[in-house]
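Just so we're on the same page, my numbering is the position in the sequence shown counted from 1, plus 83. The beta-carbon is built from N, C-alpha and C at its ideal position, and this holds for glycine as well. These numbers come from a predicted model, not from an experiment. Contents: one structure, followed by commentary.
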Amino acid sequence: MLPNDSQRPDPDALLAQVQAQEKKAARGRLRIYFGASAGVGKTYAMLAAARKLLADGQDLLVGVVETHGRQDTAAQLDGLPVLPLKAIEYRGKTLFEFDLDEALLRAPSLILMDELAHSNVAGSRHPKRWQDVEELLAAGIDVLSTVNVQHLESLNDVVGGITGVRVAETLPDTVFDRADEVVLVDIPADELLRRLKQGKVYQPQQAERASQHFFRKGNLIALRELALRRTADRVQDDVQAYRVEKSINPVWKTGAALLACVGPHAGGEHVIRSTARLASQLNAEWHALYVETPRLQRLPARERERILKTLKLAQDLGARTAIVPSADIAGAVVEYARNANISKVIVGRGRTSVLARLWQAPPSVRMASLAPDIDLIEVGLPPADAALRRAAGDDAQAPRRPSRHWRYLLAAGASLGTALASVPLQPYLDLANIAMLSLLTVVLVAVRLGRGPAALASLVGVACFDFIFVPPRFSFAVGDFQYVITFGVMLAVGLITGHLTAGLRFQARVASHREARARALYEFSRELSGVLQTEQIFDITKSAIERAFRARATLLLPDDEGSLQTSNGGEPLDIGIAQWAFDHAQAAGTGTDTLPASPIFYLPLIAPMRTRGVLALLPLEAAQHGRWLLVPEQRQHLDTFAALAAIALERVHYIDVAQGALLQMESERLRNSLLAALSHDLRTPLTSLVGLAESLALSRPALSAAQLDMARSLQSETVRMSALVANLLDMARIESGQVRLNLQWQALEEVVGSALRASGPQLQQHAVQTQLAPDLPLVRYDAVLIERVLCNLLENAAKYTPPGSTITVAAGVHGQFLQVRVFDDGPGLPPGREEAIFEKFTRGERESNKPGVGLGLAICRAIVEAHGGTIHAQPHTPGQGAAIVFSLPLGTPPAPPEIELDDANDHETGKPS
């Protein structure tokens with residue numbers, strides 16, 4: 084065996100490795116100090132390392148460090164350059180966060196970022212601190228940080244179940260796994276509790292509460308185990324990456340991974356169950372491998388199905404399963420174990436005769452010789468399993484013989500026919516050439532019929548050569564001893580040639596199958612890459628899967644409510660099973676554990692964002708129902724087809740979404756342009772019409788009664804038209820961002836009074852009430868715009884309620900907002916239209932003789948949201964009419980200016996100041 088250094092590495096792998104190293108060289112390095120809980124010393128260890136680096140001349144900066152009042156930690160911080168924190172206003176308070184922009188501007192070679200899972204205050208560039216760290220790393224800055232085990236996303240629920248405390252701040256495991264270094268900071272639970280009592284973890288009051296809840300000894304022990312195991316997993320990944328990078332072939336026994344070898348005989352299930360129990364005891368991952376040789380490919384269908392069910396059992400028990408085609412069982416197992424760094428291989432104990440052992444060593448013996456560094460564990464078979472094996476072997480031989488006899492008869496006939504055909508050629512050919520014809524027949528038999536018939540053909544060929552051509556002819560007696568050597572060489576060459584040819588035939592067939600699968604995937608992905616419609620994906624997927632799997636296929640796609648819709652003219656499908664597979668994102672039907680009696684296999688199409696549909700397959704051959712899905716490679720091939728189809732469906736969906744959004748944007752832009760143009764062009768003539776109508780009503784000599792009514796009607800209609808155009812213009816100005824708010828601190832009572840006066844003509848036939856709280860604070864708003872909001876709400880209430888109805892304006896403080904409510908006792912809003920009425924050109928009644936174009940409430944929403952508030956319609960309740968509520972944020976009004984005492988006295992006495 085060649086040494087590891089002499090093995091030629093894969094050029095593609097080397098290129099990918101060089102590219103990854105170049106990318107990594109331009110990126111900063113992340114070191115995480117990892118611990119089981121607060122108080123183990125992560126921040127202290129990070130600061131101690133920083134002090135040492137600073138003493139060595141490292142250009143470092145403390146970005147953010149939380150000491151939590153710990154004196155030892157604060158002492159480590161002395162003397163280190165600290166970046167000032169950034170002040171952020173949040174809900175009336177000033178909070179301090181890490182200043183990312185200043186850190187990037189200063190660009191130190193190393194920066195300290197404590198508590199990597201921390202959530203930043205709203206208003207920061209990133210919502211999470213680890214995202215700040217990602218930007219620092221991308222800028223080439225090294226980072227030191229800290230993380231507790233309860234903050235890892237994958238362990239968050241586990242820790243919550245142990246401690247009863249669910250941590251809200253979490254860190255994606257991918258960030259932890261991508262870290263360049265992970266330093267475990269660990270102390271025993273008793274030592275941590277002692278530190279807690281001494282006040283080295285929290286302040287005394289907080290420490291007392293923590294010791295009764297989170298910091299119980301059992302919790303700390305469990306968290307310590309989780310931290311140790313997570314660190315071990317991380318180190319195991321580092322070891323495997325190093326072995327791949329350095330092309331190290333021998334197994335390193337750093338882990339406890341197991342490999343169960345599945346054979347063709349009965350008893351494989353016992354090996355699988357024994358390995359599963361052992362893996363559970365060792366808390367280790369395990370694999371199940373079946374090596375398919377050319378001889379095993381010719382097993383009857385019943386035996387192959389039993390093997391596939393054994394692999395399915397291993398998969399159900401948590402194993403990674405694989406089928407490897409190879410003529411060398413031991414070599415394939417050793418290669419798989421070394422590639423996966425598996426140190427323990429479990430095999431079943433076979434029953435082989437002494438003669439068979441002399442002819443060929445068992446696979447376990449060859450494994451031991453090929454890989455002395457791998458532990459071999461032999462599982463004994465109970466008597467029941469041994470009897471099962473013998474019964475299965477006896478039963479298996481019966482159907483096998485008829486199918487194999489014709490191949491052996493054909494091989495013997497081919498050798499005999501070659502010998503007889505060579506008799507007329509004897510005067511023209513030497514015996515050596517006739518022997519070559521016999522060997523050619525052996526090679527052809529091996530190519531067409533396999534290894535066993537080739538061996539028989541070699542024996543028959545040697546016998547015919549001796550009987551027909553070697554003197555004395557037509558006798559098996561040998562006159563010259565040299566011919567005995569010739570027979571031996573012919574037999575050996577025939578056997579070896581037949582063996583190698585059969586092996587090459589097997590490898591060629593395997594390569595052909597792999598090439599066919601790769602070509603099918605390539606053609607499928609190429610066809611899907613250019614489709615733009617769902618119907619095209621349906622047709623392409625159906626035809627591709629029918630060709631690749633010899634099964635009828637159909638796609639079931641959901642509607643907007645998530646219910647699958649069946650296609651017309653397809654196979655009779657069970658929509659209930661398909662809907663279950665869609666809802667649970669799990670396969671169902673034949674070959675699965677969910678409703679396996681169904682003849683159809685239902686596979687969900689899972690895309691990155693959501694499940695896009697279900698692929699239903701019906702095998703064309705009844706005997707193939709469920710069996711072909713048991714082959715791991717076959718199922719992986721099918722899963723790849725389904726993933727490509729799901730991604731194509733998701734791509735087409737987002738193309739439709741983008742086109743719809745683009746169309747909506749263009750429509751909105753065109754509508755706004757038309758609104759602006761019409762409102763500006765109509766405003767001037769309408770203003771003139773309003774003035775002329777007013778002048779006409781006041782003209783001298785006085786108009787007659789009929790003429791005066793016509794003048795007043797003309798005036799009211801022009802005023803109404805002018806108001807509509809004003810609404811159009813205001814809407815266009817608001818959406819274009821041309822409105823500038825004139826924000827002033829003022830009382831709400833004033834704007835309510837002015838709105839009631841402005842809406843007086845529309846409210847003449849209604850009773851108006853005000854319910855304003857007596858202690859309303861000053862609010863900062865634009866009085867003109869808020870008056871417009873109240874006028875629109877009052878006019879809407881008057882328009883859609885009968886004469887004599889009561890309209891009420893109420894206001895009060897609710898939390899951090901001033902809430903204003905305008906409601907009436909009319910018929911109320913139509914059910915389900917509470918949100919739609921705030922859209923542009925939407926009216927309370929679709930077909931109505933009431934004036935208006937449906938812009939009043941849209942303008943109200945735009946104005947209120949520009950003030951940072953909200954507006955909504957309350958759902959209709961019996962006995963109550965429509966109610967519109969808008970809220971304005973409260974603030975802290977400025978203090979009134981103080982009046983000097985002398986000036987106040989002068990003012991009271993009337994003296995000039």
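- In this structure, the beta-carbon distance from residue 133 to residue 143 falls below 8 angstroms.
- By the Cβ test, the segment 441-460 is in contact with the segment 415-428, since at least three Cβ pairs between them sit closer than 8 angstroms.
- Judged by DSSP secondary structure, residue 637 falls within the beta strand (DSSP E) whose first and last residues are 634-641.
- Contact check for residue 525 against residue 546 fails: the beta carbons are separated by 8 angstroms or more.
- If you ignore the 5 residues before and after residue 667, its C-beta comes within less than 7 angstroms of no other C-beta in its own chain.
- In this structure, the straight-line span from the alpha carbon of residue 395 to that of residue 405 is close to 10 angstroms.
- Rounded to whole angstroms, residue 149 and residue 302 show a C-alpha spacing of 24 angstroms.
- Residue 203: not part of any alpha helix (DSSP H); DSSP gives it neither H nor E.
- A Cβ-Cβ separation of about 6 angstroms places residue 604 in contact with residue 723 under the 8 angstroms criterion.
- Counting every other CB atom within 10 Å of its CB across the protein chains shown gives residue 692 a total below 16, marking it as exposed.
- Under DSSP, no beta-bridge partner is assigned to residue 271.
- Beta-bridge partners assigned by DSSP to residue 889: 850.
- Sequence-distant Cβ neighbours of residue 182 in its own chain, meaning closer than 7 angstroms and more than five residues away, are 166, 167, 168, 169.
- In this model, residue 826 and residue 866 are separated by some 8 angstroms (Cα to Cα).
- Given a length threshold of 4 residues, each whole run of the alpha helix (DSSP H) inside the segment 486-564 is given here in chain order: 514-532, 534-547.
- Residue 501 sits close to residue 520, with the two beta carbons spaced by under 8 angstroms.
- With respect to the 8 angstroms criterion, residue 871 and residue 954 are not classified as neighbours on the basis of their beta carbons.
- Under the three-state reduction of DSSP, residue 129 is assigned to helix.
- Counting along the chain, the unbroken beta strand (DSSP E) around residue 955 starts and ends at 953-956.
- For residue 856 and residue 804, the gap between their C-alpha atoms comes out near 37 angstroms.
- Bounds of the beta strand (DSSP E) holding residue 972 are 966-972.
- Residue 594 is positioned such that its CB atom lies no closer than 8 angstroms to that of residue 703.
- Assignment of residue 842 by DSSP, reduced to helix, strand and coil, places it in the coil class.
- In the three-state scheme derived from DSSP, where H, G and I count as helix and E and B as strand, residue 366 is classed as coil.
- Your pair residue 647 and residue 641 checks out as a contact, with CB atoms roughly 5 angstroms apart and the cut at 8 angstroms.
- Taken through DSSP and simplified to helix, strand or coil, residue 225 comes out as strand.
- DSSP lists 114 as the bridge partner or partners of residue 264.
- With contact defined as three or more Cβ pairs closer than 8 angstroms, the segment 887-904 and the segment 963-973 are in contact.
- Residue state for residue 353 is assigned as helix, using DSSP reduced to three classes.
- The C-beta distance from residue 408 to residue 375 rounds to 5 angstroms, short enough to fall under 8 angstroms.
- With the rule of 3 Cβ pairs closer than 8 angstroms, the segment 121-139 does not count as touching the segment 243-254.
- For residue 946, the enclosing alpha helix (DSSP H) starts and ends at 939-949.
- For the set 518, 489, 490, the Cα lying nearest the Cα of residue 503 is the one of 518.
- Counting along the chain, residue 461 sits inside the beta strand (DSSP E) bounded by residues 458-462.
- The alpha-carbon of residue 610 is positioned some 56 angstroms away from that of residue 572.
- The beta carbons of residue 850 and residue 877 sit no closer together than 8 angstroms.
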